[in-house]
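Residue numbers (the numbering used here): 24 to 431.
For reference, the structure discussed in these notes is given below.
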Ligand code: GLV
Ligand code: MN
Ligand code: MN
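Now the structure itself:
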């Protein structure tokens, strides 16, 4: 094997401490914080070390361009990469695995003497998780024109920092117009590859999904002197709504989660005046998703009537179903399998319930595909997220094999 192994291992060891919590072992790599800024510096260094040309668009997306002498600059480029940010207390692999693998794949292509006939670019999309400003895949949405800068520049983070004060914003050069296809390598976020006994899989599509903010308004009061029957407690409305979400999702075989909640004034000896909670809902069809969210909202309103509270529901970011480009997915399977039909049959093509920048690009008309790397725990968005080194290296090889074919 080539030097892809040791290079990847060194790179992974370099990234391991950045943004890691000593307490949980998880990662806090929120966009434009110190940890994520360090990762941006690392990305620039990787680009410079390889003689790649670094660009940053006005939305914070980083792009490193490889334009080999044999490449026809008029041909649309092949884009690969992923993101560097994490959820709060997330895993090491979701995002950075795709970026690190992309740099190592370029090294492998060069070692193999592959003559690229079209340019290649490596991207690190900004705020993919939406962990700071609440909009998933914010960087890719802005670059693809799927979100307007004027609609998001006033978003604030939990400390009141405004997005527009961190980024120059649009209007921007539509650099994605020069991209012919996108290939994102990503850690698998379930156990399908374990069940298939396969280190590498290919994505078929992404479930429709979204985030809805529930604002529950009640009346703050004394926890001791206010009789139970005299309260308007939004915490009760919230508690019943969270249970309703779980029940609706289980009945329908879909997914619904309240993972974030803010309580005001958040004091032990006060009845809360306001609860704000975010529903993350995902389903195998847009109709199922709409029906599930509507059922949860109906139950929240019914409970609010009993509690004397008010409910307001706001859709914050909703993504339609994505079917990845089928011919490209077939091509990726063929290239990873070395055109051996037996091997190709052992590469699973899987749907995913997780959102990705590749879904945004596909929806914007850029043929996109994803490679998944096996995750034996199946855990993701948590410190236990993991991919064995041998599978990560298989991922780098698979990415390099695929890029070698796409660059012809
Ligand atoms: C992104 O990882 C998401 O699916 O929330
Ligand atoms: Mn994620
Ligand atoms: Mn991701």
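By construction, the Cβ of each residue, glycine as well, lies at the ideal position given by its N, Cα and C atoms.
In this text the structure is predicted, and so the values were computed from the model without any measurement.
Member of 109, 369, 384 whose CA lies at the smallest distance from the CA of residue 57 | Along the chain shown, one-based indexing puts residue 57 at 34. The option with the nearest alpha carbon to residue 57 is 109.
Residues near residue 429 in its chain [Cβ-Cβ closer than 6 angstroms; skip 5 each side] = Numbered from 1 along the chain shown, position 406 holds the residue referred to as residue 429. Closer than 6 angstroms at Cβ, skipping near neighbours: 101.
Can you name the residues that DSSP bridges to residue 234?
-> As a working note, residue 234 is residue 211 in the chain shown. According to DSSP, residue 234 bridges with 303, 340.
DSSP bridge partner residues for residue 239 (one or two, in chain order) | For the purposes of this step, residue 239 is identified with residue 216 of the chain shown, where counting begins at 1. DSSP output for residue 239 lists 298, 334 as bridge partner(s).
Tell me whether the beta-carbon of residue 203 lies closer than 9 angstroms to the beta-carbon of residue 389.
-> Looking up residue 203 in the chain shown gives position 180. Looking up residue 389 in the chain shown gives position 366. Going by C-beta atoms, residue 203 is nearer than 9 angstroms to residue 389.
For residue 48, the nearest candidate out of 30, 97, 70, 115 (CA to CA) = Along the chain shown, one-based indexing puts residue 48 at 25. Of the candidates 30, 97, 70, 115, the one whose C-alpha sits nearest the C-alpha of residue 48 is 115.
For residue 407, does the count of other Cβ atoms within 10 angstroms reach 16, so buried, or fall short, so exposed?
-> Locating residue 407 in the chain shown gives position 384, counting from the first residue. Exposed: under 16 other Cβ atoms inside 10 Å.
Figure out for me which residue from 188, 80, 310, 122 has the closest Cα to the Cα of residue 199.
-> Residue mapping note: residue 199 aligns to position 176 of the chain shown, counting from 1. Nearest of 188, 80, 310, 122 to residue 199, Cα basis: 80.
6 angstroms CB neighbourhood of residue 179 in its chain, flanking five on each side removed = Translated into positions along the chain shown, residue 179 becomes position 156. Excluding residues within five positions, the ones whose Cβ falls inside 6 angstroms are 185.
Measuring alpha carbon to alpha carbon, tell me which of 75, 42, 156, 151 ends up nearest residue 182.
-> On the chain shown, position 159 is the one that residue 182 refers to. With distances taken between Cα atoms, residue 182 lies closest to 156.
DSSP three-state assignment for residue 204, whether helix, strand or coil | The residue labelled residue 204 in the question sits at position 181 within the chain shown. DSSP places residue 204 in strand when its eight states are reduced to three.
By a C-beta neighbour count over all protein chains shown, 10 Å radius and 16 as the cutoff for buried, is residue 285 buried or exposed?
-> Sequence index remark: in the chain shown, residue 285 carries index 262 (1-based). When all chains shown are included, residue 285 counts as exposed.
Residue 117 to residue 364, Cα distance in whole Å?
-> Start at 1 with the first residue of the chain shown, and residue 117 comes out as number 94. Start at 1 with the first residue of the chain shown, and residue 364 comes out as number 341. Distance between the alpha carbons of residue 117 and residue 364 is about 30 angstroms.
Nearest neighbour of residue 197, chosen from 387, 426, 119 [CA to CA] = As a working note, residue 197 is residue 174 in the chain shown. For the residues 387, 426, 119, the minimum Cα distance to residue 197 belongs to 387.
Residues proximal to ligand 3 by C-beta, any heavy atom closer than 5 angstroms | 117, 118
Beta strand (DSSP E) runs wholly inside the segment 74 to 119, at least 3 long, in chain order = 76 to 79, 85 to 89, 100 to 106, 111 to 113
Check residue 394 in the structure and name its three-state DSSP category.
-> Numbered from its first residue, the chain shown carries residue 394 at position 371. Looking at residue 394 - three-state DSSP - the assignment turns out to be strand.
Using DSSP with H/G/I as helix, E/B as strand and the rest coil, what is residue 189?
-> Within the chain shown, the letter at position 166 stands for residue 189. Correct three-state label for residue 189: coil.
Three-state secondary structure (DSSP) at residue 430?
-> Along the chain shown, one-based indexing puts residue 430 at 407. Coil at residue 430, not helix or strand.
Is it buried or exposed for residue 277, if we count other Cβ within 10 angstroms and need 16 for buried?
-> On the chain shown, residue 277 is found 254 positions in, with the first residue counted as 1. Residue 277 is buried by the Cβ-count criterion.
Could you please give the first and the last residue of the uninterrupted alpha helix (DSSP H) stretch that includes residue 349?
-> Within the chain shown, residue 349 is the residue found at index 326, counting from 1. Element bounds for residue 349: 349 to 359.
Please confirm whether residue 218 and residue 297 have their CB atoms less than 9 angstroms apart.
-> Residue numbering aside, residue 218 sits at position 195 when the chain shown is read from its first letter. Residue numbering aside, residue 297 sits at position 274 when the chain shown is read from its first letter. No, they are not a contact pair.
Beta carbon of residue 393, beta carbon of residue 379: below 9 angstroms?
-> In the chain shown, residue 393 corresponds to position 370, counting from 1. In the chain shown, residue 379 corresponds to position 356, counting from 1. Contact flag set, yes.
Please confirm whether any heavy atom of ligand 1 lies closer than 8 angstroms to the CB of residue 265.
-> Within the chain shown, numbered from 1, the residue matching residue 265 stands at position 242. Checking the Cβ of residue 265 against ligand 1 gives no.
Which partner residues does residue 280 have in the DSSP bridge list?
-> Sequence index remark: in the chain shown, residue 280 carries index 257 (1-based). Note: residue 280 sits in a beta bridge opposite 303.
Rounded separation between residue 162 and residue 350 - CA only = As a position in the chain shown, residue 162 is number 139, starting the count at 1. As a position in the chain shown, residue 350 is number 327, starting the count at 1. Straight-line Cα distance between these residues: approximately 27 angstroms.
Backbone CA spacing between residue 414 and residue 362 [nearest angstrom] | For this step, residue 414 is matched to residue 391 along the chain shown. For this step, residue 362 is matched to residue 339 along the chain shown. For residue 414 and residue 362, the distance between alpha carbons rounds to 20 angstroms.
Contact set for residue 261: own chain, Cβ-Cβ below 6 angstroms, skip 5 residues either direction = Taking the chain shown and counting its residues from 1, one reaches residue 261 at position 238. Excluding residues within five positions, the ones whose Cβ falls inside 6 angstroms are 239, 298, 300.
For residue 151, verify whether its CB is less than 8 angstroms away from any heavy atom of ligand 1.
-> Here residue 151 refers to the residue found at position 128 when the chain shown is read from its first residue. Answer for residue 151: yes, Cβ within range of ligand 1.
Pair within 9 angstroms by beta-carbon distance, residue 236 and residue 356 | If you number the chain shown from 1, residue 236 lands on position 213. If you number the chain shown from 1, residue 356 lands on position 333. No, these two residues do not count as a Cβ contact at 9 angstroms.
Under the three-state reduction of DSSP, which class applies to residue 36: helix, strand or coil?
-> Looking up residue 36 in the chain shown gives position 13. Here residue 36 sits in helix by DSSP.
What first and last residue would you give for the alpha helix (DSSP H) that runs through residue 264?
-> Position 241 of the chain shown holds residue 264. Run containing residue 264: 257 to 275, per the alpha helix (DSSP H) assignment.
Using only the heavy atoms of ligand 1, determine whether one of them is closer than 8 angstroms to the beta carbon of residue 377.
-> As a working mapping, residue 377 is identified with position 354 in the chain shown. For ligand 1, at least one heavy atom lies less than 8 angstroms from the Cβ of residue 377.
When the distance is taken between beta carbons, is residue 342 closer than 9 angstroms to residue 229?
-> For this step, residue 229 is matched to residue 206 along the chain shown. For this step, residue 342 is matched to residue 319 along the chain shown. Result yes, Cβ atoms of residue 229 and residue 342 sit closer than 9 angstroms.
Give the straight-line distance between the Cα atoms of residue 322 and residue 264, rounded to the nearest whole angstrom.
-> Counting from 1 along the chain shown, the entry for residue 322 is found at position 299. Counting from 1 along the chain shown, the entry for residue 264 is found at position 241. Approximately 7 angstroms, taken between the alpha carbons.
Is the beta carbon of residue 42 sitting closer than 9 angstroms to the one on residue 62?
-> Taking the chain shown and counting its residues from 1, the one referred to as residue 42 is at position 19. Taking the chain shown and counting its residues from 1, the one referred to as residue 62 is at position 39. Result yes, Cβ atoms of residue 42 and residue 62 sit closer than 9 angstroms.
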